[in-house]
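Number of protein chains: 2
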Amino acid sequence: MVQPTRDELGVVGVFNPAAIRHGDDTILLLRVAEGVREVAEDMVAAPVYDAAVGAMVIRRWHRGEHRVDTTDPRMTVIDGKTWLTSISHLRVARSSDGIHFIVEPVPALLPTTVYESFGVEDARITRIDATYWINYSAVSSYGIATGLASTRDFRVFARHGIIFPPNNRDVTILPGRIGGRYHALHRPMPAGLGEVAIWSASSHDMLAWGDHRLVAMPRAGRWDDEKIGGGAVPFRVRAHGVDGWLAVYHGVTKASGTYSLGALLLAPDDPSRVVARSIDPIMAPEAPYEREGFYGGVVFTCGLVDEGDRVRVYYGAADGVTAVADLSLARIIAGLGAP
Amino acid sequence: MVQPTRDELGVVGVFNPAAIRHGDDTILLLRVAEGVREVAEDMVAAPVYDAAVGAMVIRRWHRGEHRVDTTDPRMTVIDGKTWLTSISHLRVARSSDGIHFIVEPVPALLPTTVYESFGVEDARITRIDATYWINYSAVSSYGIATGLASTRDFRVFARHGIIFPPNNRDVTILPGRIGGRYHALHRPMPAGLGEVAIWSASSHDMLAWGDHRLVAMPRAGRWDDEKIGGGAVPFRVRAHGVDGWLAVYHGVTKASGTYSLGALLLAPDDPSRVVARSIDPIMAPEAPYEREGFYGGVVFTCGLVDEGDRVRVYYGAADGVTAVADLSLARIIAGLGAP
Numbered sequence: 515m516v517q518p519t520r521d522e523l524g525v526v527g528v529f530n531p532a533a534i535r536h537g538d539d540t541i542l543l544l545r546v547a548e549g550v551r552e553v554a555e556d557m558v559a560a561p562v563y564d565a566a567v568g569a570m571v572i573r574r575w576h577r578g579e580h581r582v583d584t585t586d587p588r589m590t591v592i593d594g595k596t597w598l599t600s601i602s603h604l605r606v607a608r609s610s611d612g613i614h615f616i617v618e619p620v621p622a623l624l625p626t627t628v629y630e631s632f633g634v635e636d637a638r639i640t641r642i643d644a645t646y647w648i649n650y651s652a653v654s655s656y657g658i659a660t661g662l663a664s665t666r667d668f669r670v671f672a673r674h675g676i677i678f679p680p681n682n683r684d685v686t687i688l689p690g691r692i693g694g695r696y697h698a699l700h701r702p703m704p705a706g707l708g709e710v711a712i713w714s715a716s717s718h719d720m721l722a723w724g725d726h727r728l729v730a731m732p733r734a735g736r737w738d739d740e741k742i743g744g745g746a747v748p749f750r751v752r753a754h755g756v757d758g759w760l761a762v763y764h765g766v767t768k769a770s771g772t773y774s775l776g777a778l779l780l781a782p783d784d785p786s787r788v789v790a791r792s793i794d795p796i797m798a799p800e801a802p803y804e805r806e807g808f809y810g811g812v813v814f815t816c817g818l819v820d821e822g823d824r825v826r827v828y829y830g831a832a833d834g835v836t837a838v839a840d841l842s843l844a845r846i847i848a849g850l851g852a853p
Numbered sequence: 515m516v517q518p519t520r521d522e523l524g525v526v527g528v529f530n531p532a533a534i535r536h537g538d539d540t541i542l543l544l545r546v547a548e549g550v551r552e553v554a555e556d557m558v559a560a561p562v563y564d565a566a567v568g569a570m571v572i573r574r575w576h577r578g579e580h581r582v583d584t585t586d587p588r589m590t591v592i593d594g595k596t597w598l599t600s601i602s603h604l605r606v607a608r609s610s611d612g613i614h615f616i617v618e619p620v621p622a623l624l625p626t627t628v629y630e631s632f633g634v635e636d637a638r639i640t641r642i643d644a645t646y647w648i649n650y651s652a653v654s655s656y657g658i659a660t661g662l663a664s665t666r667d668f669r670v671f672a673r674h675g676i677i678f679p680p681n682n683r684d685v686t687i688l689p690g691r692i693g694g695r696y697h698a699l700h701r702p703m704p705a706g707l708g709e710v711a712i713w714s715a716s717s718h719d720m721l722a723w724g725d726h727r728l729v730a731m732p733r734a735g736r737w738d739d740e741k742i743g744g745g746a747v748p749f750r751v752r753a754h755g756v757d758g759w760l761a762v763y764h765g766v767t768k769a770s771g772t773y774s775l776g777a778l779l780l781a782p783d784d785p786s787r788v789v790a791r792s793i794d795p796i797m798a799p800e801a802p803y804e805r806e807g808f809y810g811g812v813v814f815t816c817g818l819v820d821e822g823d824r825v826r827v828y829y830g831a832a833d834g835v836t837a838v839a840d841l842s843l844a845r846i847i848a849g850l851g852a853p
């Protein structure tokens, strides 16, 4: 369904979409990963955006002349330096029923800066007033930072630079102001000392973020014991006896490496405070296309559409395809336990 | 010269001081590291601030009952979890001549939050108008973040929370506004993909920081090829044919692990842009107390006082003691080369 941007490239995955209602439509902002189509057996290749020349280039290496490690399908390590096997951009898809989508033939957001030489990935969209704020992972050899863009119509996009320095991804901006400020969840990845945990921050202008606070940690011996991070943009829930922000997040299980989804209920006036948390996953890889694929054992969401009891979760399956699942808000809330 | 805060603790190091002029005095804000004084041979101990009870506690483990790794003198790894062998606080020292200091008998800033359970370290002081802004490393099992405090008199201090999430240390805030905004250098430490490099950010209120940009990277095959980070607070130079911000930074040499100092000259109107950079170190470990100590082969600055040609650098030597060196501004500038 998705056309590559160039003849030399092939689409290897369309996944981890942001999702939001726009008028009568459902909009997805898909991560489209492209790899080099033809690579000789004795070669390895990596597609890279070269900001100095302002163009995508294909780097190639002779396997015999370098130390090459291709253990992880997502990356190629050449003489100790990491390159990605694919480069991602963001593309709009539209649907009137939320199930059948038309994918635009051209990208919405392509890599354009030195911070995006390895691609732009995993967008989230937050509507505030008439503006749709888009945050995404800006990936390069400098690390994985979070960039910000905005649009009013999903046709013209403005870029606003890096809002969280590396490594920080899985940022979700809450759709509203609290105490006059914007709030976001973010997920720093400290090297050495530290934990891969969810933090919060606040901002008065979307561009500068401060007041960083720890929100949630992996839980030893549970389904989310390895690492956790933001998933879909939190939405306000006032139903079934709870009032707060419901944040669907992802958690990784240490023993299996499986990516599953759970929920955090955050205090309505302070989204850095977890009120309740899913005891068990609300979704785990089950279908063949979730268990097997480019990177198997993964369900990973960047966006959902909530309508009454129906929580329609759009998600990437096995880092390869985009899927959708309808969950019951009542059941998500019934599955919440101690924070 | 420095009294411990409690009988059970001994001062194991006084180093990495912030430095600034305050009226007729030179003020240092010393990092005072304290370790547990008496530990039985079959035990290991770690001093920790417990935010839940609001007090410093000493954790002890029987060596025989746990996997204990004490390879690095700065930390103890117990069953895979890292603890520090000492806990640091910040203490004021005053001098009228910049050489002879009186150290206050009590701390200025002690660990007080969950983000500081392993200590507060490596302060930098930036004066803007009548306020002295103090940033420091907030160290805990959650990682190494950067906290902000302020004072007008070095007697009463206000705290302002976390301004850079983990892992991010070696923050230096420029002493002035550029284009109406504050600017800082910072040093994220990405895990996995990424580089330990110096970045910049800007802020309108000191609390929320945005517009993150890459400033400088380690240089392959040079004295700063392993990692680099901010050192002293940058100061404005208009002399010897240059105009810009001079930032004395630290660089680590891969082969030896040595910490040396160099300088970056940053554009006066854009401190994210490096105009020139030291070819060779402006200071490297030479004296016995720099080459040998708690962690040998280290000169590390968090502050200097510039007066005409004399750049008086205060620095930590071998993570143990505080030392001072007078450098010539003309010679620092003469040693600058390509960015």
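Chain order of the listed sequences is E and P. Be aware that the first sequence starts at 515, since it is given in my numbering, and climbs by one per residue. Be aware that the second sequence starts at 515, since it is given in my numbering, and climbs by one per residue. Beta carbons: idealized from backbone N, C-alpha and C, even for Gly.
Practice task
Less than 8 Å between the CB atoms is what I'm expecting for Leu635 (chain E) and Ser651 (chain E), so what's the real figure, rounded?
Solution key: Taking the first residue of the first sequence as 1, we reach residue 635 (chain E) at position 121. Taking the first residue of the first sequence as 1, we reach residue 651 (chain E) at position 137. The residue asked about is misnamed: residue 635 (chain E) is Glu in this sequence, not Leu. Contact holds; Cβ gap of about 4 Å.
Practice task
Please list the residues of the segment 611-640 of chain E that have a C-beta atom closer than 9 Å to any C-beta atom in chain P, keeping them in chain order.
Solution key: Val628, Tyr629 and Phe632
Practice task
Measure from the alpha carbon of Asp738 (chain P) to the alpha carbon of each residue in P:Ala746, P:Gly776 and P:Met703, then state which is nearest.
Solution key: In the second sequence, counting from the first residue as 1, residue 738 (chain P) sits at position 224. If we check each option's Cα against that of Asp738 (chain P), P:Gly776 comes out closest.
Exercise for the section: Verify the CB distance criterion: does Gly735 (chain E) have a CB-CB separation below 8 Å to chain P? Expected result: For the purposes of this step, residue 735 (chain E) is identified with residue 221 of the first sequence, where counting begins at 1. No, Gly735 (chain E) does not count as interfacial toward chain P.
Practice task
Report the neighbours of Ala705 (chain P) on chain E: residues whose CB is nearer than 7 Å to its CB, in chain order.
Solution key: The residue labelled residue 705 (chain P) in the question sits at position 191 within the second sequence. By Cβ distance, chain E contributes Asn681, Met703, Pro704 and Ala705.
Problem - Straight-line gap, Ala533 (chain P) to Phe668 (chain P) (C-alpha atoms, nearest Å) - result: Within the second sequence, the letter at position 19 stands for residue 533 (chain P). Within the second sequence, the letter at position 154 stands for residue 668 (chain P). Near 12 Å, if we compare the C-alpha coordinates of Phe668 (chain P) and Ala533 (chain P).
Problem - Contact under 8 Å by Cβ, Leu544 (chain E) with Val620 (chain E) - result: Numbered from 1 along the first sequence, position 30 holds the residue referred to as residue 544 (chain E). Numbered from 1 along the first sequence, position 106 holds the residue referred to as residue 620 (chain E). Not closer than 8 Å, so no.
Problem - Candidates P:Ala746, P:Ala644 and P:Ala801: closest to Pro531 (chain P) by CA position - result: By one-based count along the second sequence, residue 531 (chain P) stands at place 17. It is P:Ala746.
Practice task
For Val670 (chain E), count neighbouring C-beta atoms within 10 Å of its own C-beta (all shown protein chains included) and say buried if the count is 16 or more, exposed if not.
Solution key: In the first sequence, residue 670 (chain E) corresponds to position 156, counting from 1. Burial call: exposed.
Handout entry: 9 Å Cβ cut-off: residues of chain E touching Asp586 (chain P)
Key = Numbered from its first residue, the second sequence carries residue 586 (chain P) at position 72. Ordered by position in chain E, no residue passes the 9 Å Cβ test against Asp586 (chain P), which lies about 11 Å from the chain.
Problem - Per-residue DSSP class, three states only, for Ile613 (chain P) - result: In the second sequence, counting from the first residue as 1, residue 613 (chain P) sits at position 99. Coil.
Practice task
Using a cut-off of 8 Å between C-beta atoms, extract the partners of Trp647 (chain P) located in chain E.
Solution key: Mapped onto the second sequence, residue 647 (chain P) falls at position 133. By Cβ distance, chain E contributes nothing, its closest Cβ being about 14 Å from Trp647 (chain P), past 8 Å.
Exercise for the section: Please check if any C-beta of chain E sits within less than 8 Å of the C-beta of Glu709 (chain P). Expected result: For the purposes of this step, residue 709 (chain P) is taken as residue 195 along the second sequence, with counting starting at 1. Glu709 (chain P) counts as touching chain E.
Exercise for the section: Starting from the beta carbon of Ser717 (chain E), find every residue of chain P whose beta carbon is closer than 9 Å, and list them in chain order. Expected result: In the first sequence, counting from the first residue as 1, residue 717 (chain E) sits at position 203. Simply Ala722 and Gly724.
Problem - Three-state secondary structure assigned by DSSP to Ala844 (chain E) - result: The residue given as residue 844 (chain E) occupies position 330 in the first sequence. If DSSP states are grouped into helix, strand and coil, Ala844 (chain E) belongs with the helices.
Practice task
In the DSSP assignment, find the unbroken alpha helix (DSSP H) run with Tyr803 (chain E) in it and report its ends.
Solution key: For this step, residue 803 (chain E) is matched to residue 289 along the first sequence. From DSSP, the alpha helix (DSSP H) with Tyr803 (chain E) extends over Pro802 to Arg805.
Exercise for the section: Let me know if Val567 (chain E) comes out buried or exposed under the rule of 16 or more other beta-carbons within 10 Å of its beta-carbon. Expected result: Translated into positions along the first sequence, residue 567 (chain E) becomes position 53. Classification for Val567 (chain E): exposed.
Handout entry: Per-residue contacts from Tyr656 (chain E) into chain P (C-beta, under 7 Å)
Key = Residue 656 (chain E) sits at position 142 when you count from the first residue of the first sequence. Gly708, Glu709, Ala711 and Leu728, listed in chain order.
Handout entry: Cβ of Gly594 (chain E) within 8 Å of any chain P Cβ
Key = Taking the first sequence and counting its residues from 1, one reaches residue 594 (chain E) at position 80. No, no contact with chain P.
Practice task
In angstroms with no decimal places, state the Cα-to-Cα distance between Ala622 (chain E) and Leu728 (chain E).
Solution key: As a working note, residue 622 (chain E) is residue 108 in the first sequence. As a working note, residue 728 (chain E) is residue 214 in the first sequence. Those two C-alpha atoms are separated by around 33 Å.
Exercise for the section: Can you give me the start and stop residues for the beta strand (DSSP E) that Thr645 (chain E) sits inside? Expected result: Position 131 of the first sequence, counted from the start, is the residue given in the question as residue 645 (chain E). First-last of the beta strand (DSSP E) with Thr645 (chain E): Thr645 to Ser654.
Handout entry: Spatial neighbours of Phe808 (chain E) in its chain, beta-carbon cut-off 7 Å, leaving aside the 5 residues before and after
Key = Here the question's residue 808 (chain E) lines up with position 294 in the first sequence. Closer than 7 Å at the Cβ level, and outside the excluded window around Phe808 (chain E), lie Val526, Gly527, Pro587, Ala832, Asp833 and Gly834.
Problem - Span of the beta strand (DSSP E) around Asp784 (chain E) - result: Taking the first residue of the first sequence as position 1, residue 784 (chain E) is located at position 270. Where Asp784 (chain E) is concerned, the enclosing beta strand (DSSP E) stretches over Asp784 to Ser792.
Problem - Where the segment 675-699 of chain P meets chain E: residues whose CB sits under 8 Å from a CB there - result: Gly675, Ile676, Ile677, Phe678, Pro679, Pro680, Asn681 and Asn682
Practice task
Could you tell me if His697 (chain E) is buried or exposed, where buried requires 16 or more neighbouring beta carbons within 10 angstroms of its beta carbon?
Solution key: In the first sequence, the residue the question calls residue 697 (chain E) occupies position 183. Buried.
Problem - Where the segment 769-790 of chain P meets chain E: residues whose CB sits under 7 Å from a CB there - result: none
Exercise for the section: Would you kindly work out how many angstroms separate the C-alpha atoms of Tyr629 (chain P) and Gly657 (chain P), rounded to a whole number? Expected result: Counting from 1 along the second sequence, the entry for residue 629 (chain P) is found at position 115. Counting from 1 along the second sequence, the entry for residue 657 (chain P) is found at position 143. Roughly 8 Å between the two C-alpha positions.
Problem - Length of the line joining the Cα atoms of Cys816 (chain E) and Trp723 (chain P) - result: Here residue 816 (chain E) refers to the residue found at position 302 of the first sequence. Here residue 723 (chain P) refers to the residue found at position 209 of the second sequence. Distance between the alpha carbons of Cys816 (chain E) and Trp723 (chain P) is about 25 Å.
Practice task
Return the chain-ordered ranges of every beta strand (DSSP E) run that is complete within the segment 556-630 of chain P and spans a minimum of 3 residues.
Solution key: 557-564, 569-576, 589-592, 595-598 and 600-609
Exercise for the section: Tell me, please, whether the segment 751-758 of chain E touches the segment 796-810 of chain E by the rule of three or more beta-carbon pairs shorter than 8 Å. Expected result: no
Practice task
Examine chain E for any beta-carbon lying closer than 8 Å to the beta-carbon of Ala832 (chain P), and answer yes or no.
Solution key: Here residue 832 (chain P) refers to the residue found at position 318 when the second sequence is read from its first residue. It does not: the Cβ of Ala832 (chain P) has no partner Cβ on chain E nearer than 8 Å.
Practice task
Pull up the distance between the alpha-carbon of Asp539 (chain E) and that of Val606 (chain E), whole angstroms please.
Solution key: Reading the first sequence from its first residue, position 25 is the one you call residue 539 (chain E). Reading the first sequence from its first residue, position 92 is the one you call residue 606 (chain E). So the alpha carbons of these two residues sit roughly 12 Å apart.
Handout entry: Beta-carbon proximity check, Ile742 (chain E) vs Ile712 (chain E), cutoff 8 Å
Key = Here residue 742 (chain E) refers to the residue found at position 228 when the first sequence is read from its first residue. Here residue 712 (chain E) refers to the residue found at position 198 when the first sequence is read from its first residue. A contact, by the Cβ cut-off of 8 Å.
Practice task
Examine chain P for any beta-carbon lying closer than 8 Å to the beta-carbon of Ala659 (chain E), and answer yes or no.
Solution key: Taking the first sequence and counting its residues from 1, the one referred to as residue 659 (chain E) is at position 145. Yes, its Cβ sits closer than 8 Å to a Cβ of chain P.
Practice task
Run through the segment 652-688 of chain E for me and flag every whole alpha helix (DSSP H) of 4 or more residues, listed as ranges in chain order.
Solution key: none
Practice task
Could you round the C-beta distance between Pro732 (chain E) and Val710 (chain E) to whole angstroms and report it? I think they count as a contact, below 8 Å.
Solution key: If you number the first sequence from 1, residue 732 (chain E) lands on position 218. If you number the first sequence from 1, residue 710 (chain E) lands on position 196. That pair is a contact at about 7 Å.
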